[in-house]
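Input: a single structure, listed below in structure tokens.
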Amino acid sequence: MEAKTAQKPSLLRSDTLQRFLAFGGLIILFIVFSLASPFFLTRDNIGGILLATTVNGVLALGVTFVIINGGIDLSVGTVMTFSAVMTAQVMIIWQMPVVVGIVAGLATGALCGTINGFMVTKMKVPPFVATLGMLYITKGLSLVVSQLKPIYFNDAIIFNQTAMGSVLGSIIPALDPIKNVVLVFFGAALIAAFILGKTVLGRYTFAMGSNIEATRLSGVNVDRWQTSVYMLCGLFAGLAGVLIGARLNSAQPALGAGYELDAIAAAVIGGTSLSGGEGSILGTIIGAFVISTLANGLRILSVPQEWQIVVTGTILVLAVYLDRRRKR
Amino acid sequence: MDEVLVVMEGIEKSFPGVHALSQCKFELRPGEVHALVGENGAGKSTLMKVLAGIYEPDAGRIIYKGKEVEVPNPRAAQHLGISMIHQELNLMPHLTVAQNIFIGREPRQNVKFMLDEKAINAQAEQVFAMMRLNLDPRIKVADLTVAKQQMVEIAKALSFNAEVLIMDEPTAALTDTEIDELFRIIRDLRAKGVGVVHISHRLEELRQISDRVTVMRDGKYIDTVKTQDATIDQIISMMVGRTIFEATPEVPEHPSEEVVLEVKNLNRGNVIRDVSFQLKKGEILGFSGLVGAGRTEVARAVFGADPIDSGEIYVQGSKVHIGSPNDAVKHGIGYLSEDRKRYGLALGMDVEENVVLAAFKKFLGAFGRVNRSKTRATADQTVKMLAIKTPSLQQKVRNLSGGNQQKVIIGKWLTADTNILIFDEPTRGIDVGAKSEIYHLLNNLAQQGKSIIMVSSELPEILRMSHRVVVMCEGRITGELNIAEATQEKIMQYATQRGEVLLADQPASTSTPLGDA
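In order, the protein sequences belong to chains A and B.
Quick note on the numbering used here: the first sequence kicks off at 81 and runs consecutively.
Quick note on the numbering used here: the second sequence kicks off at 90 and runs consecutively.
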């Protein structure tokens, strides 16, 4: 009977399998590239992949919350840039301590996110439009504040040195390719997974994405929680801004547009549903690694960068297609 | 004796352009099941939403346990012990059962922002134990049947220690056994002193479950009677303000013997198993069976909406391939889904646009330009022919009543020159008055030589409308009856005939909640 099959939470529908799909894909990528090139599975190259995943990974963490919540955030890339510029402004132009600069970057991101949340909940602007507006606003503000020029962190060289140093490497020399920014990424991921899985905010993120009206009728203050979700996403974008500034040893005001698409792609490849209610941090991290591993491997195989982009797009569609088939 | 739980008096509520409730009153006693009936738009749901804190009344008083109370929002209602289960279930499908029940008031760990998942599940189990319900709190709601989802809603209400439970059309999507289970739970609640408000369109159910009935019409209170003192016909006449329901079936004209549609050995997985049937010209063929028997699936397969594993379809004697709804329409087959709003109509478009939607090619002029005068004339004609009540052709379909929406869809298929019409639950969610209009319309269509397949879960409807009845169970056709020999009992017998086991010599054991109207 239909009723009976509907009651059985079959393995085919479980989240575990989706992770397995993305994870399986990642493993396949590793095997293929390892066989294709002797330079792929080296310590330095793996370190390079980890480093390349960091910024997109942190952005994707925040985006995952917003997408599970049933929204979208197109502004994370430029909010990241704006946060980097604000960090530089505080740290270099105003000569404040490094820590103050970092806090300024994080606060900038959180503020942009909060404004996104306000636009979505109070002004009732659809998330796509609200965050598209924020994309332009922060893109412009980055250029305004920096006066169109990159700001270099040379006066606070410790910033870059700390980020690109390796605590792990100083303990176990073999782990030297794992830079500190990568650790920050993993730390952020753990925190994100904790928030999503164990806290009230995480629960309401799923609940609102699943059925916002039902959540509202259950007495949950959905406006406040939804704003929190956007704020959290902005906070992660701010963190990404701090990390990219530290990594490049500069705030590049022209950078940033396009990063939001990579972040969304990472979440989607990792099984986050754009219609809301579904997704996981682990999946997103795997998704981010799929994208960076693909880029890295194809580069090693001397595939031109323009083709890497084509392949990434194909993988994205394929991931969602497999997800759809699984659910049918 | 005359202990009263809730009294509502002089309730007024207006929405822009609509006076939804005027001087409404309602009374609920502890330990009673109080049915609230009325046509669509009578104000039943609105009145109960006032009680549940979803709407704020413009005027009037609510007295709860002897004290006048304000119910500004659902939260406040729940704290008072008033819970409402809505027609559209208000659940989060991606969350588990327990997470749904305790949404918004989750047990926390010592650290306040952390959830205590164990406590959530344990407390959910306690509620289920109280309901004598066997359900795993860790299952995702999306993986449950509608009936079980409803149980989750009830559990949620009970977890607030609800003393007033309002249920808006709880049985609309349930099978008979599920309804039995629901009624069992309702009776348990009644025994515990909970006051239950039961809003329903299925008048046959009232007798089974309710103690008193309140009737509403056009936003006004009409009367409250003891269920045992009233006949269904009396209640209906109070609902519509006139007697319209002829209980005798309309004698269908005899159809011709010409076969317009033949389906042979249709198969799709477990859902459709070796289904064969014929449809004759001018015939209404009823498809009966329990929910989930595979009737809708057969209809959708014939229409090309779902793929099939095997089977042959003949239209007017010649074999056709139907791989998509587009193919079906080309062969003159139209399908009217049970979910009108989702599959049948472009709700944001107007009546005219909807009527011509499936036959757009007929109205195209040079360079693909739509001939507006032609579409207007056709739509105008359709509106008149089907007596669609709409202020104008430019009215958005969203604003029409359920019955008129259904007519617009019928008009759409007639405009597309379809000869075979498949109706899936044609009167679901349509009020009593509009129902009989739809019935007349179906009869007229059949007399004009259209052939109709009518999938329906309501036995009285099947018996009243069909020339022949096909009964399905678990994907198979288990019986075929001419209307002369068809009775509710026989149909139920076929509808519960599972697998290879023949139950033919046993009468259907369940009480027939489909009633005796």
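Even glycine gets a Cβ: it sits at the ideal position worked out from N, Cα and C.
As computed with DSSP, His-290(B) is found in no beta bridge at all. Three or more Cβ pairs drawn from the stretch 309-329 of chain A and the stretch 135-150 of chain A lie within less than 8 Å of each other, which places the two stretches in contact. It is roughly 33 Å from the alpha-carbon of Lys-369(B) to the alpha-carbon of Arg-465(B).
DSSP assignment within the stretch 503-588 of chain B yields the following whole alpha helix (DSSP H) runs of 4 residues or more, N-terminal first: 521-536, 548-554 and 577-584. Taking the C-beta atoms as reference points, Ile-258(A) is found no nearer than 8 Å to Gly-245(A). Around Met-203(B), the beta-carbon contacts reaching into chain A at under 7 Å are Lys-278 and Thr-279. Taking CB atoms only, Ala-294(A) has a neighbour in chain B less than 8 Å away.
If you draw a straight line from the Cα of Lys-501(B) to the Cα of Pro-480(B), it comes to about 18 Å.
The alpha-carbon separation between Glu-267(B) and Arg-273(B) amounts to approximately 10 Å. Leu-271(B) has a beta carbon lying at 8 Å or more from every beta carbon in chain A. Judged by DSSP in its simplified three-state form, Tyr-284(A) adopts helix.
For Phe-286(A), the nearest CB of chain B lies under 8 Å from its own CB, placing it at the interface with that chain. Neighbours of Glu-358(A) in chain B, taken as residues at a C-beta separation under 8 Å, are given in chain order as His-183.
Annotation: Ala-102(A) to Gly-356(A) spans about 19 Å, alpha carbon to alpha carbon. Close CB contacts of Glu-92(B) within its chain, under the 8 Å cut and outside five residues either way in sequence, are with Arg-118 and Pro-119 (chain order). Note that the C-beta distance between Gly-381(B) and Thr-264(B) is below 8 Å. The Cβ-Cβ distance between Asn-291(A) and Pro-182(B) falls below 8 Å. Contacts between Gly-299(A) and chain B, judged by CB atoms closer than 8 Å, involve Asn-162, Pro-163, Arg-164, Gln-167, Gly-193 and Arg-194 in chain order.
Sixteen is the threshold: when 16 or more other Cβ atoms of the shown chains lie within 10 Å of the Cβ of Tyr-583(B), as they do, the residue is buried.
Of all residues in the stretch 477-497 of chain B, none comes within less than 7 Å of chain A when Cβ atoms are compared.
The stretch 269-280 of chain A and the stretch 167-179 of chain B do not touch, with fewer than three beta-carbon pairs separated by less than 8 Å.
Just measuring C-alpha positions, the residue of Thr-394(A), Asn-376(A), Ile-389(A) and Ala-254(A) sitting nearest Ser-114(A) is Asn-376(A). For Gln-188(B), the chain A residues whose Cβ falls inside 9 Å of its Cβ are Arg-283, Phe-286 and Ala-287, in order along the chain. Within 10 angstroms of the beta-carbon of Phe-366(B) lie 16 or more other beta-carbons, which makes it buried. At a cut-off of 8 Å between beta carbons, Ser-246(A) makes no contact with chain B.
The C-beta of Met-214(A) has 16 or more other C-beta atoms within 10 Å across all chains shown, which makes the residue buried. Cβ contact annotation for Leu-204(B) (same chain, cutoff 6 Å, sequence separation greater than five): Glu-195, in chain order. In the DSSP annotation of this structure, Asn-301(A) is not part of any alpha helix (DSSP H), being labelled neither H nor E. Only residues of its own chain outside the window of five on either side were considered, and among them Val-304 and Met-327 have a CB closer than 7 Å to the CB of Asp-312(B), listed in chain order. Taking the CA atoms as reference points, Asp-269(B) sits about 59 Å from Tyr-216(A). Between the stretch 391-406 of chain A and the stretch 344-364 of chain A there are three or more inter-stretch CB-CB distances shorter than 8 Å, so the stretches are counted as touching. In this chain, the beta strand (DSSP E) harbouring Thr-313(B) covers 309-315.
No residue range can be given for His-183(B), since it is assigned to no beta strand (DSSP E) and is classified by DSSP as neither H nor E. Straight across, the Cα-Cα distance linking Glu-293(B) with Asp-307(B) is about 22 Å. Ile-182(A) places its beta carbon 8 Å or farther from that of Ser-330(A). For Leu-368(B), there is no enclosing alpha helix (DSSP H); the residue is part of the beta strand (DSSP E) that begins and ends at 361-369.
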